[in-house]
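The next block holds one structure in the form of structure tokens; read it before the comments.
Residue numbers (the working numbering): 415 to 570.
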């Protein structure tokens, strides 16, 4: 099953048929506020995502690397540079290590420039994306985008 990732004005708007909504002034603040019916809550005065719906996210101390997502634990590379696992889902990265190419049974496809995920393929017999896979996919894409934005800001 293929799942389209839809963008508008540079922002990810849909994962399949699940809408991602933003605040009223999205041109000033491109932070997502809801994933379908799940409200996204952030750390006060910051962009660190703290909850998705009722699922709490904890981070390593003094770091933006997630430690837990609800009951799931997260696994990182030796020096904590890359997320390797989120709960039951192993992540696979491209050769350069900067892009996530798969999350468990999901394979992620990028545009021709390789900078924007445009489609996800779910392998197996499932006919829809489970809530767990939707959550894992959204979080991985969200954190990847944040990392790229921080890298680009540092290069300016």
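From the three backbone atoms N, C-alpha and C, an ideal C-beta is built for every residue, glycine too.
Nothing here was measured: the structure is a model prediction, and the numbers come from that model.
Run through DSSP, which three-state label would residue 543 get?
Here the question's residue 543 lines up with position 129 in the chain shown. In this structure, residue 543 counts as coil in the three-state DSSP scheme.
When you compare the segment 447-457 with the segment 560-567, are there three or more beta-carbon pairs, one atom per stretch, that lie closer than 8 Å?
No, the segment 447-457 is not in contact with the segment 560-567.
Return helix, strand or coil for residue 458, following the three-state DSSP convention.
Position 44 of the chain shown holds residue 458. Of the three classes helix, strand and coil, the one that applies to residue 458 here is coil, per DSSP.
Give every residue of the same chain whose Cβ lies closer than 7 Å to the Cβ of residue 491, excluding the five residues on either side of it in the sequence, and list them in chain order.
Indexing the chain shown from 1 puts residue 491 at position 77. Around residue 491: 498.
Nearest-angstrom Cα distance between residue 535 and residue 419?
Position 121 of the chain shown, counting from 1, holds the residue named residue 535. Position 5 of the chain shown, counting from 1, holds the residue named residue 419. Cα to Cα, residue 535 sits roughly 11 Å from residue 419.
Determine the burial state of residue 532: buried for a count of at least 16 other Cβ atoms within 10 Å of its Cβ, exposed for fewer.
For the purposes of this step, residue 532 is taken as residue 118 along the chain shown, with counting starting at 1. Exposed, because fewer than 16 other Cβ atoms sit within 10 Å of the Cβ of residue 532.
CB residue 417 to CB residue 434, shorter than 8 Å?
Position 3 of the chain shown holds residue 417. Position 20 of the chain shown holds residue 434. Their beta carbons are not under 8 Å apart, which means residue 417 does not touch residue 434 by this criterion.
Is the separation between the beta-carbon of residue 454 and that of residue 500 shorter than 8 Å?
Counting from 1 along the chain shown, the entry for residue 454 is found at position 40. Counting from 1 along the chain shown, the entry for residue 500 is found at position 86. Not closer than 8 Å, so no.
If you reduce the DSSP assignment to three classes, tell me which class residue 553 lands in.
Residue 553 sits at position 139 when you count from the first residue of the chain shown. Reduced to three states, the DSSP call for residue 553 is helix.
Might you give, ordered along the chain, the residues of its own chain that have their beta carbon closer than 8 Å to the beta carbon of residue 486, omitting 5 neighbours on each side?
By one-based count along the chain shown, residue 486 stands at place 72. Around residue 486: 500, 501, 502.
For residue 437 and residue 445, what's the separation of their Cα atoms in angstroms?
One-based indexing of the chain shown puts residue 437 at position 23. One-based indexing of the chain shown puts residue 445 at position 31. Approximately 7 Å, taken between the alpha carbons.
Quick check: residue 425 and residue 556, are their CB atoms within less than 8 Å of each other?
Looking up residue 425 in the chain shown gives position 11. Looking up residue 556 in the chain shown gives position 142. No, these two residues do not count as a Cβ contact at 8 Å.
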